[in-house]
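The next block holds one structure in the form of structure tokens; read it before the comments.
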Amino acid sequence: MSRAASKSNALTFINPPGLYDPRPNGYSHVAVAEGPGRIVYIAGQGGEDAAGGLSTDFHRQVSQAMKNLKVALDAAGADVGDVARLTVLVVDHSMDRLKIFGTALREMWGDRPTPACTLIPVPRLALDNMLFEIEATAVLTA
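The sequence shown begins at 1057 in the numbering used here and counts up one residue at a time.
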């Protein structure tokens, strides 16, 4: 496939000519799911550890949230390569925070195409000191 599109399982990821290349920021512009299949919705995962502890460090929260996302995907029988879309919420968003998230995303996805993603700056999240949250939609073949 061309630079503009690559296929993984039931998903095709497209970065069409005419739009900037989003890959350095860790996402694709378009994810197309082809059925039949199973859709998995992962609720927003924050930086809390299994005991509910939450670091005040943004980098640590991102790292833990990505681990939590992986655990949730595993529980549904899914992998990061099955994720079609991410929504990310960031308190006090900055280019430094985008870089931290983009790096974590590229590390987790490796050479696989990264999903469509929307990052939303927010003034606050559900828990005190929570700085990052990520939710996912995965598509699995039947």
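Quick reminder that beta carbons are idealized off the backbone N, C-alpha and C, glycines included.
**Q.** Straight-line Cα distance separating leucine 1067 from glutamate 1090
**A.** In the sequence shown, the residue the question calls residue 1090 occupies position 34. In the sequence shown, the residue the question calls residue 1067 occupies position 11. Using only the alpha carbons, I get a separation of about 6 Å.
Exercise for review: Determine the contact status of threonine 1170 and serine 1084, defining contact as a CB-CB distance below 8 Å.
Suggested key: The residue labelled residue 1170 in the question sits at position 114 within the sequence shown. The residue labelled residue 1084 in the question sits at position 28 within the sequence shown. Contact flag set, yes.
Check whether the Cβ atoms of glutamine 1117 and leucine 1187 lie closer than 8 Å to each other. In the sequence shown, residue 1117 corresponds to position 61, counting from 1. In the sequence shown, residue 1187 corresponds to position 131, counting from 1. Cβ distance < 8 Å, so glutamine 1117 and leucine 1187 count as in contact.
Contact between the region 1152-1167 and the region 1113-1127 is defined here as three or more beta-carbon pairs at a separation below 8 Å; is this criterion met? yes
Would you check if the distance between the CB atom of valine 1144 and the CB atom of arginine 1180 is smaller than 8 Å?
-> Within the sequence shown, the letter at position 88 stands for residue 1144. Within the sequence shown, the letter at position 124 stands for residue 1180. Their beta carbons are not under 8 Å apart, which means valine 1144 does not touch arginine 1180 by this criterion.
Identify, in the order they occur along the chain, each residue of the same chain with its Cβ nearer than 6 Å to the Cβ of histidine 1149, setting aside the five sequence neighbours on each side.
Walking along the sequence shown from the start, residue 1149 turns up at place 93. Around histidine 1149: Pro1177.
- What number of angstroms, rounded off, separates the C-alpha of arginine 1141 from the C-alpha of cysteine 1173? Numbered from 1 along the sequence shown, position 85 holds the residue referred to as residue 1141. Numbered from 1 along the sequence shown, position 117 holds the residue referred to as residue 1173. Answer to the nearest angstrom: the Cα atoms are 6 Å apart.
Residues that phenylalanine 1188 bridges to, as DSSP identifies them = Here the question's residue 1188 lines up with position 132 in the sequence shown. Partner(s): Val1146.
Roughly how many angstroms separate the alpha carbons of methionine 1151 and glycine 1093, rounded to a whole number?
Along the sequence shown, one-based indexing puts residue 1151 at 95. Along the sequence shown, one-based indexing puts residue 1093 at 37. Going by the C-alpha atoms only, they are around 37 Å apart.
- Item | Per-residue burial, leucine 1183 [other beta carbons within 10 Å of its own, 16 or more giving buried] | To locate residue 1183, count along the sequence shown from 1; it is residue 127. The residue is exposed, with fewer than 16 neighbouring Cβ atoms inside 10 Å.
### Message
Between the alpha carbons of isoleucine 1095 and aspartate 1130, how many angstroms are there, rounded?
### Response
If you number the sequence shown from 1, residue 1095 lands on position 39. If you number the sequence shown from 1, residue 1130 lands on position 74. Whole-angstrom Cα-Cα distance: 14 Å.
Which partner residues of tyrosine 1097 appear in the DSSP bridge assignment? Within the sequence shown, residue 1097 is the residue found at index 41, counting from 1. In the DSSP output, where bridge partners are listed per residue, tyrosine 1097 has Thr1193.
Between arginine 1079 and glycine 1109, what straight-line distance do the alpha-carbon atoms span, to the nearest angstrom?
Translated into the one-based positions of the sequence shown, residue 1079 becomes position 23. Translated into the one-based positions of the sequence shown, residue 1109 becomes position 53. When rounded, the distance between both Cα atoms is 32 Å.
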